[in-house]
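In what follows, a structure is listed as structure tokens, so that the remarks can point back to it.
Protein chains: 2
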Amino acid sequence: MTRKLLLLYFSFILISSASFAADTLSSDGEDGYKLWLKYEPVTEPSIKAEYLKYVAFISESDHGEIMHNAVQELQTGLKSLLGKNISVSKAVENKSGGIVLRLDPKADTKQQEGYRIQLTAGNIVVSSKSENGILYGTFALLRHMQMQLSVKNLKMESSPKIRYRMLNHWDNPDGTIERGYAGSSLWKWYELPERVDPRYQDYARANASVGINGTVLNNVNASARFMSQEYIVKVAAVAKVMRRYGIKTYLSVYFAAPKTLGGLQTSDPLDPKVRAWWKEKVAQIYKEIPDFGGFLVKANSEGEPGPQDYGRTHADGANMLAEAFQPYEGVVIWRAFVYKADPNADRFKAAYEEFVPLDGKFDPKVIVQVKNGPIDFQPREPFSPLFGNMPKTPLGVEFQLTQEYLGFATHAVYEAPIFKENLDSDTYVNGKGSTVAKVVDGSLQGYMRTLMAGVANIGNARNWTGHPLAQANWYAFGRLSWDHTLSSEQIAKEWTELTLTRNKKAQENIVGLMLRSREIYVDYNTPLGLSRPWMGVHFAPEPWQNKGSRPDWTAVYYHRADSAGLGFDRTASGSNALAQYRPEVRQQWNDPDKTPLPYLLWFHHVGWNKKLSSGRTLWEELCTHFYTGADSVVWMQQQWDLAKPALDSQVYTDVAERLKIQRREAVWWRDAWVLYLQTFAKKPIPKGFEPPKQTLEEVKKSVNIYLMK
Amino acid sequence: MTRKLLLLYFSFILISSASFAADTLSSDGEDGYKLWLKYEPVTEPSIKAEYLKYVAFISESDHGEIMHNAVQELQTGLKSLLGKNISVSKAVENKSGGIVLRLDPKADTKQQEGYRIQLTAGNIVVSSKSENGILYGTFALLRHMQMQLSVKNLKMESSPKIRYRMLNHWDNPDGTIERGYAGSSLWKWYELPERVDPRYQDYARANASVGINGTVLNNVNASARFMSQEYIVKVAAVAKVMRRYGIKTYLSVYFAAPKTLGGLQTSDPLDPKVRAWWKEKVAQIYKEIPDFGGFLVKANSEGEPGPQDYGRTHADGANMLAEAFQPYEGVVIWRAFVYKADPNADRFKAAYEEFVPLDGKFDPKVIVQVKNGPIDFQPREPFSPLFGNMPKTPLGVEFQLTQEYLGFATHAVYEAPIFKENLDSDTYVNGKGSTVAKVVDGSLQGYMRTLMAGVANIGNARNWTGHPLAQANWYAFGRLSWDHTLSSEQIAKEWTELTLTRNKKAQENIVGLMLRSREIYVDYNTPLGLSRPWMGVHFAPEPWQNKGSRPDWTAVYYHRADSAGLGFDRTASGSNALAQYRPEVRQQWNDPDKTPLPYLLWFHHVGWNKKLSSGRTLWEELCTHFYTGADSVVWMQQQWDLAKPALDSQVYTDVAERLKIQRREAVWWRDAWVLYLQTFAKKPIPKGFEPPKQTLEEVKKSVNIYLMK
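If you're matching them up, the sequences are chains A and B in order. Per my numbering, residue 1 is the first one in the first sequence, and the count goes up by one each step. Per my numbering, residue 710 is the first one in the second sequence, and the count goes up by one each step.
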């Protein structure tokens, strides 16, 4: 059967399934704004009957704004799920048949922010030690009901494994977003503080619903203006909205602000005037924002100023800021994303080399934020060797949700497998089972302050993320920051059910597509451990790029293609970056014959004719990935089409059109790579694969278009 | 009575008016997306009864997509206005009681795009020579009905006075908008051509509804990439949507594209290879976009390349492009916004000096697009001396809708008075009554091709324009491009009725506010003929700015404040720019004693103590404007509050919050100006005005925040 016929056949089966259309979530005009909080009416009669036993009242003791919002969310949710207006009751002694939100210092939860949900005396009781916990429990209950799960034996207890669960917005004061592909910034600085966009609240709701409790509003390449009183009051107006949903507001800071904004002669962190300036600045911020979260700092990184400008260390810089936070709850989050322009160095090793010697020298209020991998959010990276190697310094992990290296907003890449692959990596620092997750959640090395950060993929696009499926990455990040033991599949199922469709067959198609999407992207983009084929814009293929203001700002620096082979030798015969890992890890990756293929070229320069464990030569294996990767996008299109009858038409069309783009661009990537690498490998395209229809020069020309001003 | 009491009093009157709440347009959740096409149900029973006589059918002869969209719009509109589903009928002989759309080559209209609406044989008949005209007539009929006007003696005939009625989008390929304050670009280049955002259609509808028939999609500071086949097919996908609403698509071009994109050695317009390249390029575009509108060119202006790079003239450059368009309908629109970095020159004179000598040398396919004033979209400018002085060259006028110099998206400035002031200015080139409007509409000098362009104020903000009231500027531009004889007041009334409220009293408050808003802005921003107090960003006051890479990129160049006085002498004793105008115009502005105060400092350096026609000294007069301007914003707030009960709550709040910002910033502007000018005038703030609470240094510091990266 041709593909077309096959599709027709499947479509017929689907359309003939009577229950299908009724399962479609979201009525016409669905534009994605509501995210996973759609609260579509419950359709299972028996389940609805169960739920209707608990709609007599919602009870809350008289507490603060967060609790109030939990009640409101319940009212909104149940109204929509069950069609019932439920009133709030303060006194509930001896009453049953309702939902009780119980703030209780003695609630049986592991963490302050944890919640417990269970049936007690004929009521559904959500209890927590904190208002935040009540809110999280409320969202968990609503999620449960959106999925039409029974409440007969309702009993849920959950506590976050990470304390600081936060988004990083790389949003500039002019409304642009660095590496943003979903419109412009949510934060309208020219309107604040007087005008508070109602959308801020919807943002806060969405975050709280997945457990996120912090947000850094501005780009790590920070403007000093955020430290001015004018901007502090603007930030305070946003923080006020966030606070009501248990979210703390943070700011990225420009390290040289004491000079540029404060008018001091220096920003040297050991200068008493500089220290005093920051102290006063932090005090000024707390005056406006009593629950201010803290600072995020990118220093001495990619041209940003920092303590090294004055011969000081990262610890000197971070500790100076930490000192300013002593009187307050706030923390200093210091990024480890550093690498120097050194033609003989291996950028892979830079963060380790700079930070490991500083272990133990940071103030307890400092958290060092480490990107998941050693380079920069590549489609696949080995875990950063910093994890586990700074036992005295809490290390947070930084993931990137926005698809800087994952096809912007037109490629479908479900990222939970990237996050999970990193978190489940074993560092072996305390023997087997010393996963990155255990480092980050503090259980391995006893960190007091634990952090998971995600670089947001959110803009003012009506559907928040541009690509409708990219909403799942926001969702997945939030869920994993709360509980990193959840599986990618479980999260994908949840999200699909809440957001797209209740039809089980369609869910299977979509979840299957999502789970394979990352590997498919890797296949046509950076298979076998290739990295950074981008330079100018991080969009078009440029593996040939060999001109840059510094060596590590070229593409050839990373793949090292030559007539002999391909890949970066990071063994002892090369940069020896592998020495930064424990022997058990080193052993996995040290021998080119034993290195798992997905990591091969990260660590080895491999000959074109080398036979790999797959039985194919390197050249054949590369071509196989590039070709099957691009072809797998057709499979994704097919899966999506199979789900069509169960989907809102607008969402269906949106994704279907983006998949068409993805298919075209996947072929572009494939052609760019194979034609370029062929100039070294000097081999024909393996049999069974149709050679590219274009020449290398033609591909380069098509790429150059994206490099024009 | 205190202001608060007064408000309370008025609120009482308003609330007690029983019909008020029912007049409120737009139900809750109104977010401005629908613009002036809300089609709220008709509430006047007698009017409704009239309309219901014509809902038996809609008739269309079998025509193209534009006609089809007119029918659809009628169906949608009448469904919403009257609650009736009206079916389409092809054969209507002897039928009555319906609406007939009649495409008729002999229709009695002045222009091809004109329409006629009248009662004939018991039907409402909309007739036109063109499908475009039918669409415009349909929107006119729907507007009539939205305003609940009688159709008893329905008879309307209207034809556009201008042929090319177009928006210019200064949108960059990365989605940013130069001088855009309403989010990011509507055009999603990374998604095109596969994905066609449904919003493109709503954009086209809105434009067609006010008569706009052209759109330039990309910034005049153009990227060469738009000339690549990759981007041409993207543009074609947008053009396809536009075409269905009678809108032609245009592109801004990068003059050096033959070199940068085409790989030629030169972009010299007299080089045969360059001419061939453009010919081929234009042919390539027409292959994809058969109704392509043409090119817009910014050349040898602010660093953009152009024909002068090769010792050629603007005419050489424009004519080369025009040659490429010979086989097609398309035109070349060449901007006259040029000025050289010359410390002794007056920028005011630059465009005239460069372009007047070229009159008669342009190909008939070229239209020269002239900004309304000689400098750059200042809050008030005299008309450009080019108007009337190039009788052999069609001159189009370029207005700016986006509020680059009008307070971004936070100040309410209704711009129709700016456009009208320009259009109604008398150039006297053919004697009294030789208005700019008559130059531009071709009636004075017989231009074949007439053009009115507006730099769009549209982005992906949900309400399109950021400030809800800025929608009125888009609306007003469209209406004036169709018929420049409409008054600002008439347009404001229409827009307010269609968009905000049907309540007459509230309309009066709002229209009053709108009509005064521009003068209020001028008062606190650039009174008495001041200009360009901005430099770095065009947001914060910087009248003291005296450092720039060229003299005309400083603020002091424009206002020339010194110990003697203030203003730019453009009489014979100064730059003599006035000599570019006809004697009758010169006479109006030549004598400082007779120059109307709004233009005084445009043409004269006036002593601080000089008594003006107002009876006040210059210093007193300046202060009076700055203070009363800032205070008038309070009056605007009051007017808006009076209308509150008749407004949707979300829209009310949005504007109310923006007015608060405007008030704060108006005081900021006032303080910046008076404190700065005081350093020259050495005079106290006149009695009755409270001196600024801040020092000049403090104001400068608050401004510097906006100049930080």
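Even for Gly, the Cβ is constructed at its ideal location relative to N, Cα and C.
Under the three-state DSSP convention, the category residue i falls into
| i | result |
| --- | --- |
| B/ILE956 | coil |
| A/GLN400 | strand |
| A/TYR676 | helix |
| B/GLU769 | strand |
| A/LYS717 | Residue 717 of chain A falls outside the range modelled here, since chain A spans only 1 to 709, and no answer is possible. |
| B/ILE1370 | helix |
| A/TRP635 | helix |
| B/ASN1413 | helix |
| B/THR1235 | coil |
| A/ALA453 | strand |
| B/ASN803 | coil |
| B/TYR890 | coil |
| B/ARG1379 | helix |
| A/ASN123 | strand |
| A/LEU25 | Any reading at A/LEU25 must be qualified, since the residue scores a pLDDT of 45, below 50, and its modelled position is unreliable; the value itself is stated next. Coil. |
| B/ASN877 | strand |
| A/GLN580 | helix |
Contacts around residue i, its chain only, beta-carbon distance under 8 Å, and the 5 residues preceding and following it disregarded
| i | result |
| --- | --- |
| B/LEU1426 | An answer regarding residue 1426 of chain B cannot be provided, because it is not within the stretch 710 to 1418 covered by chain B. |
| A/MET242 | TYR200, ALA204, THR215, LYS248 and THR249 |
| B/GLY806 | LYS762, TYR763, VAL764, ALA765, PHE766, GLY831 and ASN832 |
| A/VAL92 | PHE57, SER59, GLY98, VAL100 and ASN123 |
Proximity winner among the options, relative to residue i (alpha-carbon distances)
| i | options | result |
| --- | --- | --- |
| B/PRO837 | B/LEU1237, B/GLU866, B/MET854 and B/ARG852 | What sits at residue 837 of chain B in the sequence shown is Ser, not Pro. Cα-wise, what sits closest to B/SER837 is B/GLU866. |
| B/ARG1044 | B/VAL929, B/TYR845, B/ARG1021 and B/ASN1053 | B/VAL929 |
| B/GLY786 | B/ILE826, B/VAL797, B/GLN855 and B/PRO1091 | B/GLN855 |
| A/GLY317 | A/ALA666, A/GLY360, A/SER267 and A/GLY529 | A/SER267 |
| A/ASP424 | A/GLY459, A/SER488, A/TYR447 and A/VAL413 | A/SER488 |
| A/THR499 | A/PRO468, A/GLY529 and A/ASP483 | A/PRO468 |
| B/VAL947 | B/PRO1103, B/SER796, B/GLU900 and B/SER789 | B/GLU900 |
Chain-order list of residues whose beta-carbon lies under 6 Å from that of residue i (same chain, five-residue window excluded)
| i | result |
| --- | --- |
| B/TYR1061 | PRO1094, LEU1095 and GLN1289 |
| A/PRO551 | PRO343 and TYR557 |
| B/ALA933 | TYR963, ALA966, THR969 and LEU970 |
| A/GLU690 | none |
| B/LYS1409 | none |
| B/VAL1231 | PRO1088 and ARG1089 |
| B/ILE1200 | ALA1125, ALA1185 and ARG1188 |
| B/GLY892 | GLY1168, ASN1169 and ALA1170 |
| B/ASP1055 | SER1284 and ALA1286 |
Beta-carbon contacts of residue i that lie in its chain and below 7 Å, excluding the five residues immediately before and after
| i | result |
| --- | --- |
| A/TYR428 | SER434, ARG582, GLU584 and VAL585 |
| A/LYS371 | PHE337, PHE377, SER384 and GLU398 |
| A/LYS693 | none |
| B/GLU1251 | PRO1242, TRP1243, MET1244, GLY1245, ALA1264 and VAL1412 |
| B/VAL1148 | PHE1096, GLY1097, LEU1104, THR1136 and GLN1154 |
3-residue-minimum beta strand (DSSP E) runs that sit fully inside the segment 214-285 of chain A, ordered along the chain: 214-216 and 248-253
Residues within the segment 177-195 of chain A neighbouring chain B, beta-carbon criterion of under 8 Å: TYR181, GLY183, SER184, TYR190, GLU191, GLU194 and ARG195
With a floor of 3 residues, list each beta strand (DSSP E) that falls wholly inside the segment 358-416 of chain A, ordered by position along the chain. 366-371 and 395-400
Please give me, in chain order, every unbroken run of the beta strand (DSSP E) with length at least 3 that falls completely inside the segment 276-359 of chain A. 294-297 and 331-335
Near-chain B residues of the segment 651-664 of chain A - C-beta to any C-beta below 8 Å: Considering only beta carbons, the part of the segment 651-664 of chain A lying closer than 8 Å to chain B consists of ASP654, GLU657, ARG658, LYS660, ILE661 and ARG664, in chain order.
Can you list, in chain order, the residues of the segment 1111-1138 of chain B whose Cβ is nearer than 8 Å to any Cβ on chain A? PHE1117, ALA1118 and THR1119
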